[in-house]
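Numbering (our numbering), first residue to last: 3 to 374. The beta carbon of each residue, even a glycine, is placed where N, CA and C say it ideally should be. Keep in mind it's a predicted model, so treat the numbers as computed, not measured. Input: a single structure, listed below in structure tokens.
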Ligand SMILES: *Cc1c(COP(=O)(O)O)cnc(C)c1O
């Protein structure tokens with residue numbers, strides 16, 4: 003039997019005149035342009051006063067003593083893990099469902115990333131599974147506040163192993179247990195262009211431990227230092243720091259816009275949730291809305307991404323797998339890889355664009371699921 007052609011002609015014609023709703027959009031205003039331009043005009047392009055100012059401002063926001071800026075989130079992860087004691091031949095507990103950059107950094111240190119199951123309630127590392135995976139070889143745990151929902155850092159700390167908090171999706175929020183970015187032995191942040199706080203590229207290590215900050219500071223730069231296998235050039239530029247400073251000043255406004263947009267999805271997606279075709283993300287009181295991610299109950303996310311594309315709406319599978327093995331003890335992570343769908347969410351997303359996202363999703367999910 004012949005399959006229905008994809009994309010259907012009618013849909014393509016309908017979507018053609020409308021603008022595409024992108025999955026991400028930079029929050030870019032005259033302030034960013036002016037700050038970058040001033041940094042360029044100052045003649046201080048490499049790390050200088052703006053990097054130092056950003057380090058202090060981020061540390062203050064997380065209520066920790068030290069901030070060290072580096073070239074990107076991957077370098078922040080690598081240098082933070084090494085600083086808290088990850089060495090060759092040890093194991094690092096990593097959420098089975100998480101950004102591959104984390105496992106890459108563990109492997110670069112000659113350590114082994116050990117996948118830990120995630121909780122289906124918020125897709126964060128499950129502290130109970132972390133207890134089961136922990137051995138005498140475990141040198142650290144990395145926890146991500148996945149999509150903006152806070153991970154259980156305090157529970158993980160009770161395992162007695164250094165915890166690195168990955169705040170790329172959620173940062174600076176004050177919670178009962180403390181401030182995101184100040185809960186672990188060290189926190190890392192990516193300032194990649196589409197992250198919560200954007201600077202193009204960039205990363206930061208935040209910590210209360212002076213020796214951890216010093217280790218990262220020492221390793222990120224090779225100038226005027228003896229040669230060493232561990233040394234690298236992972237400096238942030240002052241142009242990037244200028245962008246980061248503007249974005250940090252706008253963070254609360256940007257978070258409020260994200261929250262508003264998430265509340266609209268929460269309301270408009272109720273019929274689909276009640277029809278049982280998707281599960282809404284964990285509620286928004288004590289979280290950051292970095293991504294709005296729904297769990298599809300009968301459709302595969304890759305097919306839905308394709309179908310939405312035809313309607314001019316760009317969605318994404320938010321995380322790609324980092325382990326080639328099927329991890330039998332991580333069933334929720336496996337399901338997340340197949341079933342989680344990230345909808346457009348950013349401070350400049352308009353209500354009419356969200357309406358198009360919801361309509362396209364309704365159309366897509368009203369069709370029979372296709373075989374994978
Ligand atoms: C983006 C990201 C990283 C990697 O950061 P880069 O700046 O791209 O190297 C690490 N962890 C999480 C959770 C991320 O979202």
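Just to confirm the assignment: which complete alpha helix (DSSP H) runs, minimum length 4, are found wholly within the segment 210–239?
212–221
Segment contact flag, the segment 28–39 with the segment 214–223, C-beta cutoff 8 Å, min 3 pairs:
no
Could you please give me the residues that DSSP links to residue 297 through a beta bridge?
281, 342
Quick test of your reading: residue 165 and residue 187, contact by CB under 8 Å. State the CB separation rounded to the nearest angstrom.
6 Å
So, for residue 14: in the same chain, excluding its five sequence neighbours on each side, which residues have a beta-carbon less than 8 Å away from its beta-carbon?
Its pLDDT being 49, under 50, residue 14 is placed unreliably by the model, and nothing is read from it.
Given a threshold of 16 other Cβ atoms within 10 Å of its Cβ, counted over all protein chains shown, does residue 254 qualify as buried or as exposed?
Residue 254 should be labelled exposed.
Can you look up residue 25 in the DSSP assignment and give me helix, strand or coil?
coil
Is it the case that the Cβ atoms of residue 72 and residue 78 are separated by a distance below 8 Å?
yes
Buried versus exposed call for residue 272 [16 or more other C-beta atoms within 10 Å across all chains shown]:
exposed
From the DSSP output, which residues share a beta bridge with residue 68?
209
Starting from the Cα of residue 302, find the closest Cα among 21, 336, 156, 291 and give me that residue.
Among 21, 336, 156, 291, the Cα nearest to that of residue 302 is on 336.
Could you work out which residue in 108, 106, 96 is closest to residue 129 when comparing CA atoms only?
96
What ranges does the alpha helix (DSSP H) occupy inside the segment 103–130, keeping only unbroken runs of at least 4 residues that lie completely in it?
Runs found: none.
Shortest alpha-carbon distance to residue 106 belongs to which of 88, 76, 89, 297?
76
Cutting at 6 Å between CB atoms, please list the residues of its own chain near residue 115, excluding the five before and the five after it.
Excluding positions up to five away in sequence, the list reads 94, 96, 105, 108.
Identify, in the order they occur along the chain, each residue of the same chain with its Cβ nearer than 6 Å to the Cβ of residue 355, setting aside the five sequence neighbours on each side.
23
Taking the alpha-carbon positions, what's the residue 98 to residue 361 distance?
32 Å
Secondary structure of residue 369, DSSP reduced to three states
coil
Leaving out five residues on either side along the sequence, give the residues of the same chain with a beta carbon under 8 Å from the beta carbon of residue 232.
84, 221
C-alpha gap between residue 6 and residue 168, whole angstroms:
Residue placement at residue 6 cannot be trusted, given a pLDDT of 44 that sits under 50; the coordinates are not used to answer.
Mind reading off the beta-carbon distance from residue 406 to residue 122? Whole number of angstroms is fine, and I expect it under 8 Å.
This structure gives no information on residue 406, because the portion of the chain shown stretches from 3 to 374.
Considering only their Cβ atoms, is the gap separating residue 82 from residue 190 smaller than 8 Å?
yes
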